[in-house]
Amino acid sequence: MPDTTQPQPDMIGGVPTPPLAILPKPSRLFSRRAERFAHLAAASANLAPYLEFLAALSRVQARLADELPAPAAPDAGRVALARASRMPPLDRQALVDDPATLAALDALIAAAGAIEMPAQARLALDALRAATPKDRRWLISNIMDDVIPSDSAAPHLFVAAAVQVLMAQLAASLDADQLVAIRTGVCPACGGKPASSLITGVMGAEGTRYAACGCCQTLWNEVRVKCLSCGSTKGISFQSVEDGLAAGDADKGAQDKGAQVKAECCDECGAWVKQLAQSRNPALDPIADDVASLGLDALMQGGKWRRAGFDPFLIGY
């Protein structure tokens with residue numbers, strides 16, 4: 072069955088120089104992600120229940136992105152100071168105790184109760200609903216720090232879903248032209264880590280690479296063959312389930328062949344992050360296809376490289 076999901080970076084065609092950042096359109100982004108999760112679930116034998124659950128959760132996110140009041144955007148002074156200091160304008164630590172964050176979490180807990188989900192997720196949602204303010208603050212703080220303890224991944228998933236909605240709303244309120252590159256692998260909007268990166272096929276930006284923030288959903292331009300963990304351009308190779316290790320696969324032509332999802336591996340720091348060939352399949356989503364390509368994580372687990380991408384929906388990895 073062909074996937075009719077549209078590519079996400081859909082506003083960069085026809086420009087001579089690809090922009091540094093592509094800010095999210097929250098409702099559209101989460102709706103498209105829900106479609107992609109649903110398509111991937113239909114094609115998966117082993118992951119279908121989990122992918123169907125994430126499709127439903129993404130639909131909840133899309134609805135909340137429309138229904139929740141727009142959070143207050145950073146004022147002009149904060150944005151100017153961040154730009155001058157080469158810092159992200161969205162302060163995630165300041166948002167841990169923000170009423171808008173707590174409201175987003177309450178709304179997601181209420182809305183998620185109506186969707187079908189695995190038993191483990193249902194137990195986690197019930198526990199989150201009954202959690203004390205202190206426990207909820209701990210969960211929110213972890214998500215804002217891009218950290219999920221392995222023994223409590225399920226409740227963090229719901230908190231991450233709520234935080235993604237809020238942060239995408241905040242990112243959408245920014246002026247992309249006012250953002251500046253911070254350092255390799257750091258979101259210029261919120262300072263988050265990439266979940267994965269995309270090689271685009273969009274007209275006017277063919278072959279351009281964008282890292283995808285796992286928190287605020289901003290896409291930002293990165294050098295095509297460069298480690299998103301340490302910034303090195305040396306010792307880069309690619310691993311895939313289909314192709315195996317592609318040592319020396321660091322040229323543009325080689326990357327356009329083979330698997331649609333690869334692990335970009337760095338021998339300098341020992342890290343790897345997924346790279347999605349949206350140029351070959353425009354439907355690829357940096358979160359949904361990260362989860363659906365769990366076989367690649369299994370292949371990489373126990374090897375000499377450690378996963379550097381942060382995706383709160385990729386439980387267990």
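Just add 71 to the spot in the sequence shown (first one is 1) and you have the numbering used here.
Quick reminder that beta carbons are idealized off the backbone N, C-alpha and C, glycines included.
Query, Result
"Out of curiosity, what's the CA-to-CA distance linking Cys337 and Val296?", "10 angstroms"
"Kindly indicate which residue of Ile253, Ala243 and Leu299 has the alpha-carbon position closest to the one of Leu269.", "Leu299"
"Closest to Leu355 by CA distance: which of Cys287, Thr304, Thr271 and Ala183 is it?", "Thr271"
"Have a look at Pro97 and Ala171 and give me their C-alpha separation to the nearest angstrom.", "16 angstroms"
"In angstroms, rounded to a whole number, what distance separates the CA positions of Ser311 and Ala147?", "44 angstroms"
"From the DSSP output, in three-state form, read off Asp346 for me.", "It is Gln, not Asp, that sits at residue 346 in the sequence shown. Three-state DSSP puts Gln346 in a strand."
"Counting along the chain, where does the alpha helix (DSSP H) carrying Ala181 start and finish?", "Pro170 to Ala183"
"For the stretch 337-385, list the alpha helix (DSSP H) runs that are entirely contained and at least 4 residues long, ordered along the chain.", "359-363 and 365-371"
"Looking at the unbroken beta strand (DSSP E) that takes in Asn292, where does it start and where does it end?", "Leu290 to Glu293"
"Would you say Arg208 touches the ligand MG, meaning its beta carbon is less than 7 angstroms from a heavy atom?", "Looking at this structure, you won't find the ligand MG or any other ligand, since it has none at all."
"Looking only at its own chain, which residues have a Cβ that is under 8 angstroms from the Cβ of Ala183, when we skip the five neighbours before and after it?", "Leu128, Val131, Leu196, Phe229 and Ala232"
"In angstroms with no decimal places, state the Cα-to-Cα distance between Ala317 and Cys284.", "Because Ala317 sits at a pLDDT of 32, beneath the cut-off of 50, its placement in the model cannot be relied upon, and the point is left open."
"For Ala321 and Arg254, I'd like the C-alpha separation in whole angstroms.", "Unreliable placement is indicated for Ala321, whose pLDDT of 34 sits below 50; no coordinate value is reported for it."
"Can you tell me whether DSSP reads Leu269 as helix, strand or coil?", "strand"
"Tell me the DSSP bridge mates of Lys333?", "Gln346"
"Rounding to the nearest angstrom, what Cα-Cα distance links Gln249 and Pro95 in this structure?", "15 angstroms"
"Taking just the CA atoms, how far does Phe124 sit from Asn117?", "13 angstroms"
"Counting Cβ pairs closer than 8 angstroms, one from the stretch 187-205 and one from the stretch 157-169, do we hit at least three?", "no"
"Looking only at its own chain, which residues have a Cβ that is under 7 angstroms from the Cβ of Pro383, when we skip the five neighbours before and after it?", "Ile214, Ile219, His227, Leu228, Ala231 and Gly285"
"Under a Cβ-count criterion, where at least 16 other Cβ atoms within 10 Å of its own Cβ denotes burial, should Gln164 be classed as buried or exposed?", "exposed"
"Following the continuous beta strand (DSSP E) through Ala282, name the residue where it begins and the one where it ends.", "Arg280 to Cys284"
"Is Ile214 helix, strand or coil by DSSP?", "helix"
"What are the residues that DSSP puts in a beta bridge with Ala92?", "Trp291"
"Measuring CB atoms only, is the stretch 104-111 touching the stretch 149-164, in the sense that at least three cross pairs come out at less than 8 angstroms?", "no"
"Would you check if the distance between the CB atom of Ser364 and the CB atom of Val344 is smaller than 8 angstroms?", "no"
"How would you write the range of the beta strand (DSSP E) that Gln310 sits in, first residue to last?", "Ile307 to Ser311"
"Can you round the beta-carbon distance between Ile358 and Ala225 to whole angstroms, since I take them to be within the 8 angstroms contact cut?", "17 angstroms between Cβ atoms; not a contact."
"Are the beta-carbon atoms belonging to Pro265 and Gly380 less than 8 angstroms from one another?", "yes"
"Classify Thr112 as helix, strand or coil using the three-state DSSP reduction.", "Inspection of the sequence shows that residue 112 is occupied by Ala rather than by Thr. Ala112 falls in the helix class under three-state DSSP."
"Ignore the nearest five residues each way along the sequence and tell me which others in Gly315's own chain have a CB closer than 6 angstroms to its CB.", "Reliability fails at Gly315, whose pLDDT of 42 lies under 50, so the model's placement of it is uncertain and the value that follows must be treated cautiously. Correct list: empty, nothing qualifies."
"If you measure between the beta carbons of Ala92 and Leu290, is that distance less than 8 angstroms?", "yes"
"Tell me the rounded alpha-carbon separation between Trp209 and Ala330.", "39 angstroms"
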